[in-house]
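Peer 1:
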Amino acid sequence: MGLFNEFENTNTNNNNRSIENKINQKEYLNNNEKNLLKANHKLGRNALKRANLMVEEKLRTRNLSKLDTTPLQLGFFNSLINGDFNSRTKRIDLVHIFNKSPHARRRVLDANFDIEISSIKLYYGRMKVGAEHALTGKFGNLKNNVNYTYAQISGRIFSDGTEPRGITFKIYNTGKIHFSGGILNNDISQPAKIRKHIVDNYTKKEQFLYNPIKYNNTVGTFKVNGAINLSKVSYALRKSGKTEYEPELRAALKMKYLGYSFQLFTSGNIQILGINSLSDMNMAYNAGVALSQELYIMGFVSPRTTALKLPAVKKRSKEAVTTDKSLSNIGYNIRNTVKEPKKTSKKFSNDHRIKVGKKVCSSYPKQELVAVAKKIGVVDIKSTTTREQICQKIRDRVFGNFKVKNKPCLAYTKAQLVPIAVAKGISVSDNDTVDVICRKLNITPPKAPTKKNIKQKKKQNNKVVKNKQTLEKRRLTNKAIKEDLIKLYGKRWMTKYKNVMPSINNDVGEIKKLINSLSLKKNKSGIPLKMQVNELKKNTVQTWKMNRMRKLDNKLNALNNNFAKNLEKGMNVASPKNKNNNKNKKTRFPKGTVVEQL
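First residue of the sequence shown? That's 1079 in our numbering, and the numbers climb one at a time after it.
1. Tell me where the beta strand (DSSP E) around residue 1301 begins and ends.
2. I need the straight-line Cα distance from residue 1333 to residue 1160, nearest angstrom please.
3. Can you name, in chain order, every residue of its own chain whose Cβ lies under 8 Å from the Cβ of residue 1420, other than the five neighbours on each side?
4. Alpha carbon to alpha carbon, what distance is there between residue 1271 and residue 1185?
5. Please report the distance separating the alpha-carbon of residue 1589 from that of residue 1615.
6. Could you tell me the alpha carbon to alpha carbon distance between residue 1464 and residue 1533, rounded to whole angstroms?
7. Considering only residues of the same chain and omitting the five flanking positions on each side of residue 1258, which have a CB-CB separation below 8 Å?
8. Which residues in the same chain have their Cβ closer than 8 Å to the Cβ of residue 1519, if we skip the five residues on either side of it in sequence?
9. For the putative contact between residue 1308 and residue 1336, defined by C-beta atoms under 8 Å, what is the C-beta separation to the nearest angstrom?
10. Which whole runs of the alpha helix (DSSP H) in the region 1104-1186 are 4 residues long or more, in chain order?
11. Can we say the region 1367-1386 touches the region 1126-1142, given the rule of at least three CB pairs closer than 8 Å?
12. In chain order, which alpha helix (DSSP H) runs of at least 4 residues are fully inside the region 1451-1513?
13. For the beta strand (DSSP E) holding residue 1321, just list the boundary residues, first then last.
14. Can you tell me which of the three DSSP states residue 1569 falls into?
15. Thinking C-beta only, is residue 1252 closer than 7 Å to residue 1165?
16. Since residue 1260 sits in a beta bridge, which residues does DSSP pair it with?
17. Roughly how far, in whole angstroms, is the beta-carbon of residue 1055 from the beta-carbon of residue 1302, given that I think they are within contact range, below 8 Å?
18. Going by the beta-carbon positions, is the gap between residue 1196 and residue 1232 smaller than 7 Å?
19. Closer than 6 Å by C-beta to residue 1234: which residues in its own chain qualify, once you throw out the five before and the five after it? Chain order, please.
20. If we ignore side chains and look at the alpha-carbon of each, how far apart do residue 1363 and residue 1350 end up?
21. Could you pull out every residue in the same chain whose Cβ sits closer than 8 Å to the Cβ of residue 1394, ignoring the five residues on either side in sequence?
22. For the beta strand (DSSP E) holding residue 1234, just list the boundary residues, first then last.
23. Over what stretch of residues does the alpha helix (DSSP H) that includes residue 1280 continue unbroken?
24. In this structure, does DSSP put residue 1097 in helix, strand or coil?
25. Determine, for residue 1533, whether the minimum Cβ-Cβ distance to residues of chain B falls below 7 Å.
26. Which of helix, strand or coil does DSSP assign to residue 1677?
27. Could you give the DSSP three-state label for residue 1328: helix, strand or coil?
28. Thinking C-alpha only, which one of 1187, 1223, 1178 is nearest residue 1203?
29. Does the Cβ-Cβ distance between residue 1217 and residue 1452 come in under 7 Å?
30. Could you tell me the boundaries of the alpha helix (DSSP H) in which residue 1593 lies?
31. If I follow the unbroken beta strand (DSSP E) through residue 1206, where does it start and stop?
32. What is the C-beta distance between residue 1200 and residue 1229, in whole angstroms, given that I count them as a contact (C-beta under 8 Å)?
33. Pairing CB atoms from the region 1562-1573 with CB atoms from the region 1532-1547, are three or more of them under 8 Å?
34. Any contact of the region 1176-1183 with the region 1205-1213, i.e. 3+ C-beta pairs under 8 Å?
35. Could you pull out every residue in the same chain whose Cβ sits closer than 8 Å to the Cβ of residue 1221, ignoring the five residues on either side in sequence?
36. Secondary structure at residue 1243, three-state DSSP: helix, strand or coil?
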């Protein structure tokens, strides 16, 4: 079947094919050539004979042996796990994953490749990095009040004799997993082994993390030894509707052939898109080879006799640049962060500190700037972040965002800040440091109230005073309610049960709860009417008196009985005998008795 038969809507009858349908099925003919043959057929000419001659001429002039295609190379996969999980339920502890340490290159269990986990990042909000755990340590601070949405585990896989491939493994707090990366040695089983290694070593081994993998897209690549004219291909298929080519937006042409999606590049690279299994990938590769042959026969591929030479990339020498001491310079401690180059424009001091000024910061290698930025806690750096942007992030981290006269406040000296603060009416003491003065300067002075604000505040104060007067008038304050309850209980009740009844303050609280809970008529300010409040107080006190009387009588009797017993006990106690009186008492004897002292 030819190339363009896939895009033609012929509406043929399979039992009785016409000449035009046979022309449509001819290989190596583009749409313009087929339309010309159909026109000749309508004029009574032998269109089939002309079509055969045209195909033979193309095959004779275009030697297929000059076209070479490389073997299939699986390049990239994109997969998803637990895609149907509810996004509101949190199932994964991301901080536990973050606290696990990345590791250097090691062999994956039951696999023929190695893996290196280089970093673990916690993300929150709109793709904001909250903290990073790299091979060199932790950067950034974990915050308890931040809702981290997912943890991104980045690394590489290695195999002998091949280039390493990068991988990205995202675990969301809902339990979803999205991971992608390159494939080594065309082994489609590598994603499952990578998933098992990460889940076993970095999570709590939740069972749902081992659910089946759904591949959204697997990309295969092969190349032809020639340049593809994408403009001619797009023009030839302009009426088919099966191509997408916008050179202003993307330097590639997307097309469908035999049910498979391909992406063609001018360099000769052909990508196979949207494949979910290895068997489909092999079938798509065979279809892609047939596609490249037809494009070559039809003159859309120009073979090259020599291989393309890539331009040599000059390696930048690692040379640190130092500047003189200046207020705009920033000092960074790079010990154990980056290696000190052998050749420097100036010798470093013993404390291994470099001074990076505003003008020379961007002259440092990006790798060193990233290491310094991470050392001071800057973690939101991507591969697309430029050196100028990294320098700005470093300055913002060290100096902060607050500026005085278009210059960071912390870059001033105390002698420079004192006149500025005094001019703004801010008091400065001798003990104030630069940080303290900057904090004082950063405090925004209160805005002068407008006439509207003054009017609203006055109206609000008047309303508060009026409500307070209304509460007193309707006897709804604590003092007024207490006085009304004592009056409703009566003097006799209070005299009799004063020592055994509940506290009046508790009754005041109960009355206020009843007023708030009942649907009483209220004014615009929400204050109940006095008549209904008085009726509520009266009925409530009557109910309390009926319910509490017997209980209070029992308490009163018990109290009186105890008092009587204690009184009786005190009255029955005998007074102690006076021993001195007994000693002084004289004994009387009968008259005539002689008493002698021995």
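Ideal placement from N, C-alpha and C gives every residue a C-beta, glycine not left out.
Peer 2: Short version:
1. For the purposes of this step, residue 1301 is taken as residue 223 along the sequence shown, with counting starting at 1. Element bounds for residue 1301: 1292-1301.
2. Here residue 1333 refers to the residue found at position 255 when the sequence shown is read from its first residue. Here residue 1160 refers to the residue found at position 82 when the sequence shown is read from its first residue. Straight-line Cα distance between these residues: approximately 31 Å.
3. Along the sequence shown, one-based indexing puts residue 1420 at 342. Reliability fails at residue 1420, whose pLDDT of 47 lies under 50, so the model's placement of it is uncertain and the value that follows must be treated cautiously. Beyond the five residues adjoining it in sequence on each side, residue 1420 comes within less than 8 Å, by CB distance, of no other residue in the same chain.
4. Sequence index remark: in the sequence shown, residue 1185 carries index 107 (1-based). Sequence index remark: in the sequence shown, residue 1271 carries index 193 (1-based). CA-CA distance, residue 1185 to residue 1271, rounds to 11 Å.
5. By 1-based counting over the sequence shown, the position of residue 1589 is 511. By 1-based counting over the sequence shown, the position of residue 1615 is 537. If I take the Cα positions, the gap works out to 7 Å.
6. The count along the sequence shown starts at 1 and reaches residue 1464 at position 386. The count along the sequence shown starts at 1 and reaches residue 1533 at position 455. If you take the alpha carbons of residue 1464 and residue 1533, they lie about 53 Å apart.
7. One-based indexing of the sequence shown puts residue 1258 at position 180. The residues are 1154, 1155, 1156, 1157, 1245, 1246.
8. Position 441 of the sequence shown, counted from the start, is the residue given in the question as residue 1519. Spatial neighbours of residue 1519 in its own chain (CB-CB distance under 8 Å, excluding positions within 5 residues in sequence) are listed in chain order as 1480, 1482, 1487, 1495, 1498, 1499, 1502, 1504.
9. On the sequence shown, position 230 is the one that residue 1308 refers to. On the sequence shown, position 258 is the one that residue 1336 refers to. Between the beta-carbon of residue 1308 and that of residue 1336 there is about 20 Å, and that puts the pair past the 8 Å contact cut.
10. Listed in chain order, they are 1109-1120, 1125-1139, 1172-1177.
11. yes
12. 1465-1477, 1492-1501
13. Position 243 of the sequence shown, counted from the first residue, corresponds to residue 1321. Start and end: 1321-1323.
14. Position 491 of the sequence shown holds residue 1569. Correct three-state label for residue 1569: helix.
15. Residue mapping note: residue 1165 aligns to position 87 of the sequence shown, counting from 1. Residue mapping note: residue 1252 aligns to position 174 of the sequence shown, counting from 1. Their beta carbons are under 7 Å apart, which means residue 1165 touches residue 1252 by this criterion.
16. On the sequence shown, position 182 is the one that residue 1260 refers to. When DSSP reads this structure, residue 1260 sits in a beta bridge with 1154.
17. Summary: the structure shown does not reach residue 1055, with the chain confined to residues 1079 through 1676, and so no result is reported for it.
18. Here residue 1196 is taken as the residue at index 118 of the sequence shown, counted from 1. Here residue 1232 is taken as the residue at index 154 of the sequence shown, counted from 1. In contact: residue 1196 and residue 1232 (Cβ atoms closer than 7 Å).
19. Position 156 of the sequence shown holds residue 1234. The residues are 1194, 1242, 1244.
20. On the sequence shown, position 285 is the one that residue 1363 refers to. On the sequence shown, position 272 is the one that residue 1350 refers to. Those two C-alpha atoms are separated by around 7 Å.
21. Taking the sequence shown and counting its residues from 1, one reaches residue 1394 at position 316. With a pLDDT of only 43 at residue 1394, under 50, the local geometry of the prediction cannot be trusted, and no value is derived from it.
22. To locate residue 1234, count along the sequence shown from 1; it is residue 156. Its beta strand (DSSP E) spans residues 1226-1236.
23. One-based indexing of the sequence shown puts residue 1280 at position 202. It spans 1268-1280 - the alpha helix (DSSP H) in which residue 1280 sits, taken as one unbroken run.
24. What you label residue 1097 is simply residue 19 of the sequence shown in a count that begins at 1. Helix, per DSSP.
25. In summary, chain B is missing from the structure at hand, where a single protein chain is found.
26. What is shown of the chain runs 1079 to 1676, which leaves residue 1677 out entirely.
27. Against the sequence shown, residue 1328 aligns to sequence position 250. Reduced to three states, the DSSP call for residue 1328 is coil.
28. Reading the sequence shown from its first residue, position 125 is the one you call residue 1203. Checking every option, the nearest Cα to that of residue 1203 belongs to 1223.
29. The residue labelled residue 1217 in the question sits at position 139 within the sequence shown. The residue labelled residue 1452 in the question sits at position 374 within the sequence shown. Yes; because the gap between Cβ atoms is below 7 Å, this pair is in contact.
30. Residue mapping note: residue 1593 aligns to position 515 of the sequence shown, counting from 1. Its alpha helix (DSSP H) spans residues 1582-1595.
31. Translated into positions along the sequence shown, residue 1206 becomes position 128. From DSSP, the beta strand (DSSP E) with residue 1206 extends over 1206-1212.
32. Mapped onto the sequence shown, residue 1200 falls at position 122. Mapped onto the sequence shown, residue 1229 falls at position 151. Taking the Cβ atoms as the reference, residue 1200 lies roughly 6 Å from residue 1229, within the contact range of under 8 Å.
33. no
34. yes
35. Residue 1221 sits at position 143 when you count from the first residue of the sequence shown. Cβ neighbours of residue 1221 beyond the five flanking positions: 1208.
36. Your numbering for residue 1243 matches position 165 in the sequence shown. Here residue 1243 sits in strand by DSSP.
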